[in-house]
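Each protein sequence line maps, in turn, to chains W and D.
Heads up, the first sequence is in the working numbering, so the first residue is 65 and it goes up one at a time.
Heads up, the second sequence is in the working numbering, so the first residue is 22 and it goes up one at a time.
Reviewing the structure listed below.
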Amino acid sequence: MSDLALRLPDRRRLVGLAVPFVAVVGSMLVGLLLIAASGKSVPDAIEAFLDGAFGTSFAIGASINRAVALALVGLGFILAFRANLTNVGGEGQIAVGGIAATALGLWSPVADLPLGLAVLVPLLGGTLAGAFWGGIAGVMKVRFGTNEVISTLLLGFIALLMVYWCVQSTALLRQPQTSSATLPESLPVPGPVKLPGLTGDPESPLHIGLVICLVLALATAVVLQRSTFGLRLRAIGLNELAARRAGMPGGILLVVALALAGAFGGLAGAIMLQGEQYYLKTGFSSGYGFDGLVVGLLSRGSTLGVLAGALFFGFLRSGGISMEIMAGVPAALTLVIQGLIVIAVAGSVILVERLQGGR
Amino acid sequence: MDGSTGSPLLSLQGLGKRFGTLQALEGIDLEVAAGSVLCLLGENGAGKSTLCNLIFGVYEPSAGTMTFDGAPWSPRSPAEALDRGIAMVHQHFSLVPRMTVVENLMLGQVSGMLKRHEFGARIRDIAESFGFTLDPDAVVGELSVGERQRAEIVKCLMRDPKLLVLDEPTAVLPPGEIGALLDICRRVADSGRAVIMVTHKLAEIARVADRVAVLRTGRKVADESMKGADMGALVHAMVGRELRPLDVALAEADDGAPPAAPAAEPRGFALVCDGLTVHDRHGAVRLDNFTLEIRPGEIVGLAGVEGNGQSELGMVLAGLQRPTEGRFYIGNAELTHAGAAAVTAAGGGIVPEDRHAVACVTALSVAENMYLNKLPQFTRWGLLQRRALNAAAAVQMKTFDVRAANPEVAFSGLSGGNQQKAVLARELTLDPLVALVAAQPTRGLDVSAVEAVYRQIRAAARRGVGVLLISSELDELIAVADRIAVLYRGRLVGERPAQPAERPAIGALMSGQGA
């Protein structure tokens, strides 16, 4: 993994790390000011944040699980971005992955499969569903020239409404309606379908999704840096005409790139469902697709950058939720703070480039 | 017209520039007088563009000093150069194709309210005062290359520069427009400004230069007044070996061997075009019922003024555009609708007309570009064997004389000639290679690169490859091809033997007479 940050000389590396760090701390301070301005107790908010992000083994596990979903979407994003394709459909890809995983998980033959296949089959199903969803955008791009930003985004809305449809209709995935109070949700997936925990600690929700994510991150880094496929993606992203002239199957590569991005999103959806939520409901994807997109964008194509960004946002999200519940900080305000941090990080990346790029 | 009035406008003392390990320029002393044209002559990669970029403030020199207009000159940016009175026309134009001339020229020069008419009138005035016309309301994308270049020149002249730098202005021009450009250069100099023009075409120097300086591998090897300059000596200085007139050089590149006696019995054709017709998206006919058969070992030249269907034919044969009608075959394979990959697989080597848009990915390395179509050879378990790739590329770079620090440098860092040699190397090493389609393969290349390109093409033909050579330079076609077909308004209007005596007949065909 020849990550840029690892090759820079020491002083440059220091600048490269210090500037984003200062930016993040600065934007967090601004966030605290905002909390103070809204009349909430700042110490309470900080305590709630730390507690929610790192306070207990449950909190840490939940944060890492969040990071896993974000990282998967981010990895898919940088893969497609290598071919100059911007996949903004992570949200929808998570949704179709969740639908597929739920459907397979609730199908009784699957739960009876031996050797962990009960876990794997829904995971694979979710992955394939996501790949299909991303692939549609790829085919539209190649056949009709539809810009993938638009198609992935709109396909995302369709997928979100499909979740709604699935959990509203008993003919699809809605649990049997026993009374008028039955919620529009699916049944929970049975035990064998749930992802096994990673630690022996029954308190910790940390599951094997982390291992899957790290393996895929390594694979992504190898594909991008070392593989012929990665070079082809790059070539087609830089100059499609020349890549096609050199005999590369241009259309197929673009479809595969978007399908891969979708596959990562679909897998993230399946992992979210089988790992923590266990049943499908409206709003199940809860913005992870868009946060994952931000993680991918900020990473600037680096796999390590995706992992770091995903961890950061994972803990931030946990802490934010806790601030909302425990300290009464409005949800909107935590979103504002998140936005500030994104801008600060993105801005600092540009600043570092200026500082280091000058001849 | 006298280039020796008092102190020079620009003088360079011991100027040097180093890029990493590459010494691009070293110890350059040079003077340019107001009211004169200095021609910078040199092969690809000799350092001409680097020198211009130093003067224009794109790069900062690593050694030496400059004096401009009586004061020390150490620009930190092109903006500073423009403010001080230095303007430059780059090889690649910086105009927005969808905007009109006046809109383009207003970019960056006006703020606040846009006074289109006033500005347009100024454009017209400036153009007229230098003896040419330019329609300010024409959309740039619809202008010819020459007109776009004139727009660039007006853009520079609007700032009333003391020094105008032109980086290879003639490389992009069709032959008919070169004369007009040289006249403009002369008039700009006559208005009291200094002009630096980079070129490697000797005929142009004779016509326009007051002084000529020759660069070779980053050093100045000659610098003399044009009066009494010996052309032979200049070329000798430029390439470091005896001048041989182009056709002599090309003949010698042939090693004296006769064109391959077409293998015992002609095994069919290498390339067959059968009634190829291309309509553009507006329905206009760009290529009209084009039929041509090329045997193995044969070099067929396709002559014609640019814009008469050559580009369309090139795109079709490259597998990048589907013809409206007709078919084409390489060897025995019909490839009309098969696409670029199939053309390559069938043994069709393609040297595209537009190197940057079609032939290469400039941000990738030299090695990656040289093997862009053969990556599977260097792939094991899906992983690219980079070391093997770079090693193979290093060997090929030696064989085809592609000069770069190493195979891993970015392709964009190579000079035009070396880029072209690399593309040629990639296409000529296809296995099998049945036919080669080379479109304007020597455009913008210096004499020795031209020679290298044609030597390679001839060698390929001797190995039994059928070659279609598309060029607007008739002399080259006559020197290299076995026969010459002429394209006019998308139609094949005639075919002549490739002999100097046929020049008038071919010229007549190219201009649409005698068809």
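Glycine is no exception: its CB is placed at the ideal position from the N, C-alpha and C atoms.
Kindly say whether residue i, judged by its beta-carbon, lies nearer than 8 Å to any beta-carbon of chain D.
i	result
N303 of chain W	yes
L419 of chain W	no
L68 of chain W	Bear in mind that the predicted position of L68 of chain W carries a pLDDT of just 46, short of 50, making it too unreliable to give a figure here.
A299 of chain W	yes
G422 of chain W	Residue confidence for G422 of chain W is low, a pLDDT of 47 falling below 50, so the modelled location carries little weight; the figure read from the coordinates is stated next. Taking Cβ atoms only, chain D never reaches closer than 8 Å to G422 of chain W, which makes this a no.
Taking C-beta pairs closer than 7 Å, name the residues in chain D that residue i reaches, listed in chain order.
i	result
S291 of chain W	G403, L404 and L405
Where residue i and residue j are concerned, what is the direct C-alpha to C-alpha distance, given to the nearest angstrom?
i	j	result
V219 of chain D	L75 of chain D	14 Å
L188 of chain W	L331 of chain W	7 Å
S127 of chain W	G378 of chain W	5 Å
S366 of chain W	V468 of chain D	44 Å
G339 of chain W	L43 of chain D	56 Å
L224 of chain W	R169 of chain D	50 Å
A102 of chain D	M109 of chain D	9 Å
N329 of chain D	S150 of chain D	33 Å
G180 of chain W	G169 of chain W	12 Å
I99 of chain W	S105 of chain W	7 Å
S57 of chain D	S433 of chain D	33 Å
V203 of chain W	N211 of chain W	11 Å
A366 of chain D	L36 of chain D	49 Å
L128 of chain D	L399 of chain W	40 Å
L139 of chain W	A395 of chain W	27 Å
T292 of chain W	T191 of chain D	39 Å
L513 of chain D	A482 of chain D	23 Å
Give the residues of chain W in contact with residue i, contact being defined as C-beta atoms less than 7 Å apart.
i	result
T400 of chain D	T292
P373 of chain D	R309
T42 of chain D	Neighbours of T42 of chain D on chain W: none; closest Cβ ~16 Å, over 7 Å.
Please report the residue range of the alpha helix (DSSP H) in which residue i lies.
i	result
H271 of chain W	Careful: H271 of chain W lies outside any alpha helix (DSSP H) and carries neither H nor E.
S172 of chain W	S172 to A175
V219 of chain D	That residue, V219 of chain D, is in no alpha helix (DSSP H); its beta strand (DSSP E) goes A215 to T220.
S469 of chain D	V468 to R483
A204 of chain W	In the sequence under discussion, the amino acid at residue 204 of chain W is Met, which differs from the Ala named in the question. L181 to F208 is the span of the alpha helix (DSSP H), which, as asked, contains M204 of chain W.
Q121 of chain D	Just to set this straight, residue 121 of chain D is Thr in the shown sequence, not Gln. Unbroken run through T121 of chain D: none, as it is neither H nor E.
Would you mind telling me which residues of chain W sit closer than 8 Å to residue i, beta carbon to beta carbon, in chain order?
i	result
L396 of chain D	T292, L295 and R296
A380 of chain D	A306 and R309
T365 of chain D	A310 and G311
A339 of chain D	R309
Which residue from the options puts its Cα closest to that of residue i?
i	options	result
L489 of chain D	D:G335, D:G296, D:V123 and D:E52	D:G335
E52 of chain D	D:A384, D:G370, D:D496 and D:T86	D:T86
R97 of chain D	D:E333, D:G78 and D:G106	D:G78
A195 of chain W	W:A167, W:G369 and W:V160	W:V160
T463 of chain D	D:L202, D:R348 and D:Q440	D:Q440
P344 of chain D	D:N353, D:A359, D:I351 and D:A354	D:A359
L184 of chain W	W:P260, W:G220 and W:G360	W:P260
G119 of chain W	W:V413, W:L419 and W:S386	W:S386
F221 of chain W	W:S412, W:T346, W:C277 and W:L415	W:T346
L357 of chain W	W:L134, W:P240, W:L177 and W:P256	W:L134
L61 of chain D	D:C73, D:D251 and D:P118	D:C73
V372 of chain D	D:D309, D:V444 and D:A172	D:V444
P248 of chain W	W:V231, W:V319, W:V393 and W:S121	W:V231
Within 8 Å of any Cβ in chain W, is that where the Cβ of residue i sits?
i	result
E389 of chain D	yes
P82 of chain D	no
P280 of chain D	The predicted position of P280 of chain D is uncertain, since its pLDDT is 46 and thus under 50; no value can be drawn from it.
A384 of chain D	yes
L393 of chain D	yes
Name the two residues that bound the continuous beta strand (DSSP E) containing residue i.
i	result
N310 of chain D	V306 to I315
H138 of chain D	From DSSP, H138 of chain D is part of no beta strand (DSSP E) but of the alpha helix (DSSP H) over R137 to S150.
R518 of chain D	For the record, residue 518 of chain D in the displayed sequence is Pro; it is not Arg. From DSSP, the beta strand (DSSP E) with P518 of chain D extends over R512 to P518.
Q44 of chain D	L43 to V53
D295 of chain D	L292 to H300
C60 of chain D	V58 to G63
Y509 of chain D	R504 to Y509
V160 of chain D	Element bounds for V160 of chain D: n/a, residue is neither H nor E.
E346 of chain D	E346 to I351
A244 of chain D	First, the amino acid is wrong: residue 244 of chain D is Asp here, not Ala. Element bounds for D244 of chain D: R240 to S246.
For the ligand ADP, any of its heavy atoms closer than 7 Å to the Cβ of residue i?
i	result
L415 of chain W	Among the ligands in the structure shown, none appear at all, so the ligand ADP cannot be discussed.
Chain D partners of residue i, CB-CB under 9 Å?
i	result
P313 of chain W	G360 and A362
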